[in-house]
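Undergrad: In full-length UniProt numbering, the protein residues as written are 1 to 204. I'd like to ask you about the structure that follows.
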């Protein structure tokens, strides 16, 4: 959908995990609900059900409630200069290398780690339980991008899923769960629980 002439949101169906939401009062239309989300510093999407506006946010937002939402409009904008694109979940599963190849074969890049609360809320709206991100653990224990080896600051990892990190055994990095936490795993690992989310630059 468009707000102010810009395509800001895309409809995501079959959202697989519960999301955190806050209900906005005094919203009279879908466009107004989208506008509220755009202005909220921790909103990554919304749902409008003809009379109520629910903003998809991160868990730390006061009053946020966790619950199922089968479909929602996701904010397309990611970081400062990217748009998100999610491919349908591969029926046979996928590994990080093929996820990266899928993005590159379509002139896109594998989604980088989220920077803002809006980024995190946006990625919570997805069709799979987990996703691969453009990050890998280097031999010295630091983190770099899987695609090009650019250093990633340790502060980018704001929380781990239970059992991660596993002491350096798993080098590839993904994110998952309703709170979008990081996990590490063997790079040859193929799973049906992870999807492919890519980004493309809006500055081209």
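All residues carry an ideal CB built from backbone N, CA and C; glycine is no exception.
#1: Tell me, please, whether the stretch 14-30 touches the stretch 54-64 by the rule of three or more beta-carbon pairs shorter than 8 Å.
#2: Where does residue 29 land, buried or exposed, given buried means 16+ other C-beta within 10 angstroms?
#3: Check whether the stretch 178-187 touches the stretch 106-125, taking contact to mean three or more Cβ pairs, one atom from each stretch, closer than 8 Å.
#4: For residue 91 and residue 192, I'd like the C-alpha separation in whole angstroms.
#5: Within the chosen definition, does the stretch 97-117 reach the stretch 63-77 through at least 3 CB pairs nearer than 8 Å?
#6: Could you give the distance in angstroms between the alpha-carbon of residue 41 and the alpha-carbon of residue 171?
#7: Do you know offhand how far residue 10's Cα is from residue 75's?
#8: Leaving aside the five residues before and after residue 37 along the sequence, list all residues of the same chain whose C-beta is less than 6 Å from its C-beta, in chain order.
#9: From residue 81 to residue 107, what does the alpha carbon distance come to, in whole angstroms?
#10: For residue 144, which residues in the same chain have their Cβ closer than 7 Å to its Cβ, ignoring the five residues on either side in sequence?
#11: In or out: residue 163 buried (at least 16 other Cβ within 10 Å) or exposed?
#12: Helix, strand or coil for residue 95 per DSSP?
#13: When the Cα of residue 72 is compared with those of 51, 131, 16 and 12, which residue comes out closest?
#14: Checking 8 Å against the spacing of the C-beta atoms, do residue 174 and residue 183 come in under that value?
#15: When DSSP labels each residue in this structure, what does residue 71 get in the three-state scheme?
#16: Which term fits residue 6, buried or exposed, when burial requires 16 or more other beta carbons within 10 angstroms of its beta carbon?
#17: Taking only runs of the beta strand (DSSP E) that begin and end inside the UniProt domain "Apple" (22-56), which ones reach a length of at least 3 residues, in chain order?
#18: Who are the Cβ neighbours of residue 147 in its own chain at under 7 Å, not counting the five residues just before and after it?
#19: If you follow the beta strand (DSSP E) that residue 137 is part of, which residue opens it and which one closes it?
#20: Can you tell me which of 158, 155 and 186 puts its alpha carbon nearest to the alpha carbon of residue 166?
#21: Can the beta-carbon of residue 126 be found less than 8 Å from the beta-carbon of residue 57?
TA: From the atom records:
#1: yes
#2: exposed
#3: yes
#4: 7 Å
#5: no
#6: 32 Å
#7: 7 Å
#8: 43, 46 and 55
#9: 15 Å
#10: 136, 138, 150, 151 and 152
#11: exposed
#12: coil
#13: 12
#14: yes
#15: strand
#16: The predicted model places residue 6 with a pLDDT of 44, which falls under 50 and marks its position as unreliable; any figure quoted below should be read in that light. Residue 6 should be labelled exposed.
#17: 45-48
#18: 100, 109, 110 and 134
#19: 130-137
#20: 186
#21: no
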